[in-house]
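Participant: In terms of this note's numbering, the sequence shown has 92 at position 71, counting the first letter as 1, and numbering is strictly consecutive.
Quick one: structure below, then a few questions.
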Amino acid sequence: MLDLDAEVLSDFYREVIAWAGALVPASPRIIDLGAGTGVGTLALARHLPTADLTAVDVDEAMLTHLRERAADAGLADRVHTVRADLDGEWPALGTADLVWASASMHHMTDPDRVLRQVHDILRPGGAFMITELDGFPRFLADSPDTALEERAHAELAAMRLEGGLHMGEDWGARLKSAGFTLEGERRFEISLPAPLPPKARHYAQVTLDRARQRLIDRLTPADVTALASLAASAPANPALTLHATRDIWIGRRP
Ligand SMILES: C[S@@+](CC[C@H](N)C(=O)[O-])C[C@H]1O[C@@H](n2cnc3c(N)ncnc32)[C@H](O)[C@@H]1O
């Protein structure tokens, strides 16, 4: 899903990677926290051909996938991986010019501690770029099923809160409290009109089906059945649209 998200929202990713590239000196050292499958790591490596990158994640399966993709892209010599639980003791990660955290800060048990640690590993003048999201994209706006999709989103948001995830945080304020200068803050409202390209319809199918699986005990049987049918028909549904929100904050270590 992470790889699919990057392919479908490619214009957004291009713009953000270019923004990140403008923040760093020549041949920067970059650390990607909660790198997942390496969407950010690999895009940054391609955009900055002399950058050295370290991807950190707690999930070895994610890092294995990332290493394979880096090798396939001929980037293995500049892309390194470190398995670490960022909620625990951090391994020595060295000094960075840019720390990148995309959709990972909300997972941290104690985000303020992580912010302080990032501050410590950045060289003076280095930047911390945080990307966060408000949930999965919406695909059923302006359709008879908008209300169903909103009910699903509301339940998923409630589950994230119950699970202790730090969604909807003011990361700008948290960056400032941790000693960063807030250099940038921007909301991206991403919309793709109907008819969506096949990749985006596939993303809709996966997203709606995943919502159905997670919400089996939290929505009515009729809503669960309707989600299943919308997921199954998504690849051939010309009326689907995509709406997603991404928020970015950039903190500088003075
Ligand atoms: C939603 S994914 C985002 C992945 C990637 N940054 C992206 O934008 O596609 C969140 C990632 O954070 C990782 N993660 C969550 N908690 C973590 C922790 N305590 N330490 C290290 N990584 C963690 C997960 O394993 C997952 O790969």
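Backbone N, C-alpha and C fix where the C-beta goes; we use that ideal spot for every residue, glycine too.
Treat the numbers as computed from the prediction; the structure is a model and nothing was measured.
List in chain order: all unbroken alpha helix (DSSP H) runs of 4+ residues lying wholly within the stretch 188 to 215.
Facilitator: Whole alpha helix (DSSP H) segments, 4+ residues: 192 to 198.
Participant: Does the beta-carbon of Glu-171 have 16 or more other beta-carbons within 10 angstroms, so that it is buried, or is it exposed?
Facilitator: Exposed.
Participant: Tell me whether Pro-259 sits in a helix, a strand or coil according to DSSP, three-state version.
Facilitator: Reduced to three states, the DSSP call for Pro-259 is coil.
Participant: To the nearest angstrom, how far is it from the Cα of Pro-259 to the Cα of Ala-253?
Facilitator: When rounded, the distance between both Cα atoms is 13 Å.
Participant: Tell me whether Ala-113, by its Cβ, gets closer than 7 Å to a heavy atom of ligand 1.
Facilitator: Outside the cutoff, so no.
Participant: Report, in whole angstroms, the separation of the C-beta atoms of Leu-84 and Asp-78, which I expect to be a contact under 8 Å.
Facilitator: Their Cβ separation, rounded to whole angstroms, is 5 Å, which keeps Leu-84 and Asp-78 in contact under 8 Å.
Participant: Can you tell me where the beta strand (DSSP E) with Thr-167 in it begins and where it stops?
Facilitator: Taken as a continuous stretch (DSSP letters only), Thr-167 belongs to no beta strand (DSSP E), being part of the alpha helix (DSSP H) at 167 to 183.
Participant: Consider the Cβ of Ala-255: report whether some Cβ of chain B lies at a distance smaller than 8 Å.
Facilitator: The structure shown has no chain B; it contains just one protein chain.
Participant: Which two residues bound the contiguous beta strand (DSSP E) that contains Asp-131?
Facilitator: Looking at the DSSP string, Asp-131 is not in any beta strand (DSSP E), and its letter there is neither H nor E.
Participant: Mind checking who Thr-75 pairs with in its DSSP beta bridge?
Facilitator: According to DSSP, which records beta bridges pairwise, Thr-75 is partnered with Ile-52 and His-101.
Participant: Could you spell out the range, first to last residue, of the beta strand (DSSP E) harbouring Ile-151?
Facilitator: Ile-151 -> beta strand (DSSP E) spans 143 to 154.
Participant: Beta-carbon separation of Trp-111 and Asp-53 under 8 Å?
Facilitator: Not closer than 8 Å, so no.
Participant: What would DSSP say about Thr-228, mapped onto helix, strand or coil?
Facilitator: Helix at Thr-228.
Participant: From Glu-206 to Asp-268, what does the alpha carbon distance come to, in whole angstroms?
Facilitator: Going from the Cα of Glu-206 to the Cα of Asp-268 covers about 8 Å.
Participant: Using the DSSP secondary-structure output, state which residues sit across from Leu-136 in a beta bridge.
Facilitator: Answer is none; Leu-136 lacks a bridge partner.
Participant: Going by DSSP in three states, Arg-273 sits in which element: helix, strand or coil?
Facilitator: In the structure shown, Arg-273 sits in a strand (DSSP, three-state: E or B).
Participant: Less than 7 Å between the CB of Asp-106 and some heavy atom of ligand 1, yes or no?
Facilitator: Yes, the Cβ of Asp-106 comes within 7 Å of a heavy atom of ligand 1.
Participant: Determine which residues share a DSSP beta bridge with Leu-119 and list them.
Facilitator: Answer is Ile-51 and Ala-148.
Participant: Mind reading off the beta-carbon distance from Ala-56 to Ala-76? Whole number of angstroms is fine, and I expect it under 8 Å.
Facilitator: Right, the Cβ-Cβ distance comes to about 4 Å (below 8 Å), so this counts as a contact.
Participant: Just to check my reading of the structure: Ala-221 and Val-100 have Cβ atoms closer than 8 Å, yes? What is that Cβ distance to the nearest angstrom?
Facilitator: Incorrect: roughly 28 Å between the Cβ atoms, too far for contact.
Participant: Roughly how many angstroms lie between the CA atoms of His-154 and Arg-181, to the nearest whole one?
Facilitator: The identity of residue 154 in the sequence shown is Leu, whereas the question assumes His. Rounded to whole angstroms, Leu-154 to Arg-181 spans 12 Å at the Cα level.
Participant: CB of His-68 to nearest heavy atom of ligand 1: below 7 Å?
Facilitator: No, ligand 1 has no heavy atom inside 7 Å of this Cβ.
Participant: Please name the residue, chosen from Thr-246, Val-227, Glu-36 and Ile-271, that lies closest to Met-22 on a Cα-to-Cα basis.
Facilitator: Measuring from the Cα of Met-22, the nearest candidate turns out to be Val-227.
Participant: Which stretch, first to last residue, makes up the alpha helix (DSSP H) that contains Ile-38?
Facilitator: First-last of the alpha helix (DSSP H) with Ile-38: 31 to 42.
Participant: Compute the beta-carbon to beta-carbon distance between Leu-87 and Thr-62, rounded to the nearest angstrom, for a pair I have assumed lies under 8 Å.
Facilitator: Going by Cβ atoms, the distance from Leu-87 to Thr-62 rounds to 6 Å, so yes, they are a contact pair.
Participant: Let me check you understand the geometry: is the CB of Asp-80 closer than 7 Å to at least one non-hydrogen atom of ligand 1?
Facilitator: Because some heavy atom of ligand 1 lies under 7 Å away, the Cβ of Asp-80 counts as near it: yes.
Participant: Should the stretch 237 to 257 be called in touch with the stretch 182 to 193, which here means at least 3 C-beta pairs below 8 Å?
Facilitator: Segments in contact, no.
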